[in-house]
Amino acid sequence: MKIAMLTDTYTPQINGVVTSIRSSVEELTLLGHEVFIFAPDFGGKEQSEGNVFRFPSTGFPFKAIKEFQVSRGYGSIIQKLKELKIDLIHSHVPGSMGLKAIPISRYLKIPHVHTYHTFWPDYVHYVPLGSRYTKLTAEHYSALFCNRCDAIIAPTQKIQDALRLYGTRTPISVVPTGIKTAEFSQQTNKDLHERFHIPMDRKILVYAGRIAKEKNVFFLLDVMEEIIHKMNNKRYHLLLLGDGAARKSLEKRAAETGLSSYISYSGFLAHEDVMEIFHQSDLFVFASRTETQGLVLLEAMASGIPAVVVEALGIGDIMKDGKGGISVPEDSKIFSLAVIEIMEDEKLYNKKKGEVARKAKEYSISNCTKRMEDLYERTLEKFKPHSSVHLLSSTIRRRTYRSQKHDLPIFEETLQNYLAEPKNLQNRYFVMRHGKSEANEKGIIISHYSNGLKYYGLTEEGKEQIRESFSKQSLLDSSTIIISSDFLRARESATIAAAELKTKPPRTTMLLRERYFGRYEEREDLYYKMVWQLDEKDDNNSEFGVESPDAVQERVRMLIRQLEEEYQNEQILLVSHGDTLQITQTWTEGVPAGLHRSLKHLETGEIRELVLKKLED
91 MKIAMLTDTY
101 TPQINGVVTS
111 IRSSVEELTL
121 LGHEVFIFAP
131 DFGGKEQSEG
141 NVFRFPSTGF
151 PFKAIKEFQV
161 SRGYGSIIQK
171 LKELKIDLIH
181 SHVPGSMGLK
191 AIPISRYLKI
201 PHVHTYHTFW
211 PDYVHYVPLG
221 SRYTKLTAEH
231 YSALFCNRCD
241 AIIAPTQKIQ
251 DALRLYGTRT
261 PISVVPTGIK
271 TAEFSQQTNK
281 DLHERFHIPM
291 DRKILVYAGR
301 IAKEKNVFFL
311 LDVMEEIIHK
321 MNNKRYHLLL
331 LGDGAARKSL
341 EKRAAETGLS
351 SYISYSGFLA
361 HEDVMEIFHQ
371 SDLFVFASRT
381 ETQGLVLLEA
391 MASGIPAVVV
401 EALGIGDIMK
411 DGKGGISVPE
421 DSKIFSLAVI
431 EIMEDEKLYN
441 KKKGEVARKA
451 KEYSISNCTK
461 RMEDLYERTL
471 EKFKPHSSVH
481 LLSSTIRRRT
491 YRSQKHDLPI
501 FEETLQNYLA
511 EPKNLQNRYF
521 VMRHGKSEAN
531 EKGIIISHYS
541 NGLKYYGLTE
551 EGKEQIRESF
561 SKQSLLDSST
571 IIISSDFLRA
581 RESATIAAAE
591 LKTKPPRTTM
601 LLRERYFGRY
611 EEREDLYYKM
621 VWQLDEKDDN
631 NSEFGVESPD
641 AVQERVRMLI
651 RQLEEEYQNE
661 QILLVSHGDT
671 LQITQTWTEG
681 VPAGLHRSLK
691 HLETGEIREL
701 VLKKLED
């Protein structure tokens, strides 16, 4: 099999994605496959060599994650793929190269597999595009991107679950990256205490990764403060391996809390150097909430050291059986107690140390790569060429220049275009509020998915409201496409609507869910009015955890952009909830999102047409 790996990050950079790609390439080659890397040239600093092909690139437009590159050159990439007679494309970042992989794979009529390495919703604080680019936007962007691929690899079960929750419909397979356990078997004689000027009587707690907000490194300072100051235990030292945008802030915070002499920083290190340091450290500590698979945790374990980690995403999958370390909630006091427990109890420490080697073998690179190979073969077997060739959105164009208007590289312009409003609608849209629900009858607020997905369906009166609405309308017919919120009360309403129209079963999406009302969940519906009063003063009102009107409007606009790409000249019925649809109407009416209650109220079961009257410039 001939495989092309497309990525926005590669050597000489050092990060988890690069490590994953290199390990996979080596193992796939041993299995008899030909693997080629399509990577950035980092502004001309790197040249094509062997099976690695470099393409012109500039740094990512957002400084704090500049390690990811924006690559150019559709034509040269297509030409090289044709020349190599590639069977399958595998992308690794849903950015510049990932966006190119979508239309290129369709043009060449070959499948496109994508690995969701990074939990992108937790990286939005790096994107300076204003409040419109929110965590919710990143979730929907992830689903939109994944739904344009032929197969998705999720490193863990929790990532698979998250992608499904975002609305990903493409088949997802859980395939951990795996680690090369043989790499970690050699010991080193270099003295860690001397190298980093750590007193000999201190035990070393080691962290490896970017010094960045999403890695939750400031939490580790809270842990050290608990241990050093509150527990008055001066025998521990934190060694941070890596560098990043938050280092200066971290150093300042350490100085302010009197921890500077208990923390050392290595700066960027070669992968081999990190492994040597792991061997001589006493305990691996990790608090990141954004890991998709916890590769660095596995590498630490393969080096023979136990771990104390915060329960989160991919880390949770590795630590769920309690072998090789301790997994705790994100509480600095609990975390510090776990550190002391494992380090001060010699019997427990040795037990955990004995478990880590067995844990690492479960994730060997050979086993994981074989699973990836099986996925490739299944994808090729089931693949059917796509009928259309287009990019992620009809508003995104193939551009190889810098925007003259904004002087922004292509990827930032792509994001700006992605967030842009459609100037007109090629489909005809109708909205319907669900019928009277059990929540309406009880007079309580139900807006969280844990309640709304399975509970609080329609009352008998609500079901009759839907039937009556369709008996009175004449615009919708059997050709109507129905898209519904995935909450039970909306699904039941949409199902009745489909039966009345004798049309296809409805599709569901999280983008049409009820507006989330935060701390008011399951409380009396009189709190609606309190929230609405705050909305009138601020379109971004999110007090007490309430989803802001702007955020609700954004996700519905995003759905409509998706539907505009997918369909032409169709009638589409959106089945949703009171606040969600009121806020949607502010967009089509051209009024601020916070003034949604100034518009005519949608009654339960009511159908109304959306007419795009005015858009902001």
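Our numbering applies: residue 91 is where the sequence shown begins, and numbers increase by one.
By construction, the Cβ of each residue, glycine as well, lies at the ideal position given by its N, Cα and C atoms.
Predicted model only: the values in this text are computed from it and were never measured.
Counting only residues of its own chain and dropping the five nearest sequence neighbours on each side, Gly257 has a CB closer than 6 Å to the CB of Ala233, Thr599, Met600.
For Phe577, no alpha helix (DSSP H) segment is defined, and its DSSP state is neither H nor E.
Fully contained in the stretch 513-552 are the following alpha helix (DSSP H) runs of length 4 or more, in chain order: 528-532, 539-542. Between the stretch 562-576 and the stretch 609-619 there are fewer than three C-beta pairs closer than 8 Å, too few to call the two in contact. Residue burial is scored here from C-beta neighbours: Val521 has at least 16 other C-beta atoms within 10 angstroms and is therefore classed as buried. The stretch 390-422 contains, as complete beta strand (DSSP E) runs of 3+ residues, the segments 397-400, 415-418 (chain order). Note on Phe368: 16 or more other CB atoms within 10 angstroms of its CB, so buried under the neighbour-count rule. Contact between the stretch 390-403 and the stretch 279-288 is not established, with fewer than three Cβ pairs separated by less than 8 Å. Burial check for Arg605: the Cβ neighbour count within 10 Å reaches 16 or more, so the residue is buried. In the DSSP annotation of this structure, the continuous segment of the alpha helix (DSSP H) that includes Met187 starts and ends at 186-198.
Note on Phe358: under 16 other CB atoms within 10 angstroms of its CB, so exposed under the neighbour-count rule. Counting other Cβ atoms within 10 Å of its Cβ, His691 stays below 16 and is therefore classed as exposed.
In this structure the stretch 200-208 touches the stretch 237-246; the number of beta carbon pairs closer than 8 Å is three or more. For Thr469, the uninterrupted alpha helix (DSSP H) run begins and ends at 455-472, by DSSP.
Annotation for His283: the continuous alpha helix (DSSP H) segment containing it runs 282-285. Around the beta carbon of Ala360, fewer than 16 other beta carbons lie within 10 angstroms, which makes this residue exposed. Sequence-distant partners of Ser456 (beyond 5 residues in either direction) whose C-beta falls short of 7 Å from its own C-beta, in its chain, are Glu117. In the structure shown, the three-state DSSP call for Ser351 is helix.
Counting C-beta atoms within 10 angstroms of its own C-beta, Gln516 has fewer than 16 neighbours from the protein chains shown and is therefore classed as exposed. Between Ser147 and Phe132, the gap from beta carbon to beta carbon is short of 8 Å. A direct Cα-to-Cα measurement between Ser540 and Gly533 gives close to 18 Å.
The secondary-structure analysis by DSSP pairs Glu124 across a beta bridge with Lys92. Annotation for Ser166: the continuous alpha helix (DSSP H) segment containing it runs 164-174. Nearest to Ser454 by C-alpha distance, out of Lys270, Arg254, Leu255, Ala344, is Lys270. Shown here, Arg144 sits in a strand according to DSSP, grouped into three states. Apart from sequence neighbours up to five positions away, the residues of its chain that approach Gly608 with a beta-carbon distance below 7 Å are Phe634, Gly635, Val636, ordered along the chain. For Thr674, the enclosing alpha helix (DSSP H) starts and ends at 668-679. Assignment of beta-bridge partners to Tyr326 by DSSP yields Lys293. In this structure, DSSP gives His207 a state outside helix and strand, which the three-state scheme calls coil. Inclusion of Gly668 and Arg523 in the CB contact set at 8 Å is warranted, their separation being smaller than that value.
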